[in-house]
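For the sequence shown, position 80 (counting from the first letter as 1) is numbered 79 according to numbering that gives the first Met the number 0, and the numbering increases by one without interruption. Only one structure is covered here, and it is reproduced in the block below.
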Amino acid sequence: MFPELLRALMKMKMTWVWGHIEVQVFEDIKKALLDGATMTYFDPAKATGLVMGVSLLGLDAMLTQEREPGQQLPIVFAIQVLTATEA
Numbered sequence: 000m001f002p003e004l005l006r007a008l009m010k011m012k013m014t015w016v017w018g019h020i021e022v023q024v025f026e027d028i029k030k031a032l033l034d035g036a037t038m039t040y041f042d043p044a045k046a047t048g049l050v051m052g053v054s055l056l057g058l059d060a061m062l063t064q065e066r067e068p069g070q071q072l073p074i075v076f077a078i079q080v081l082t083a084t085e086a
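Shown next, in the form of structure tokens:
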């Protein structure tokens with residue numbers, strides 16, 4: 000999970016390491032932000048869906064709407080990385 004790796008770098012007693020894996024995660028995040036799967040505006044007349052995921056690492060959700068048959072576009076994303084206590 001992207002945020003977990005970057006969150007680990009911000010811990011107080013963590014040794015800062017910026018290696019190949021961290022660079023790849025950073026580049027993947029940049030690519031995801033610039034990708035064609037950008038968010039769109041909510042349209043109350045369109046069918047709406049909710050996609051959710053959960054793991055020991057975090058929780059995520061995405062509200063989507065169908066713009067064309069078979070094409071779901073995201074309206075909003077939500078993500079919560081879990082701490083060791085929450086997991």
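Every residue gets a Cβ at the ideal spot worked out from N, C-alpha and C, and that includes glycine. As the structure is a prediction and not an experimental result, all values here were calculated from the model.
Could you check where the alpha helix (DSSP H) with residue i kicks off and where it finishes?
| i | result |
| --- | --- |
| Ala77 | Segment 70 to 80 is the beta strand (DSSP E) holding Ala77; no alpha helix (DSSP H) there. |
| Ala86 | Taken as a continuous stretch (DSSP letters only), Ala86 belongs to no alpha helix (DSSP H), as it is neither H nor E. |
Three-state secondary structure (DSSP) at residue i?
| i | result |
| --- | --- |
| Asp42 | coil |
| Asp34 | coil |
| Val24 | helix |
In this structure, what does DSSP give as the bridge partners for residue i?
| i | result |
| --- | --- |
| Met51 | Ala60 |
| Glu65 | Gln71 |
Does the beta-carbon of residue i have 16 or more other beta-carbons within 10 angstroms, so that it is buried, or is it exposed?
| i | result |
| --- | --- |
| Thr82 | exposed |
| Gly57 | buried |
| Gln64 | buried |
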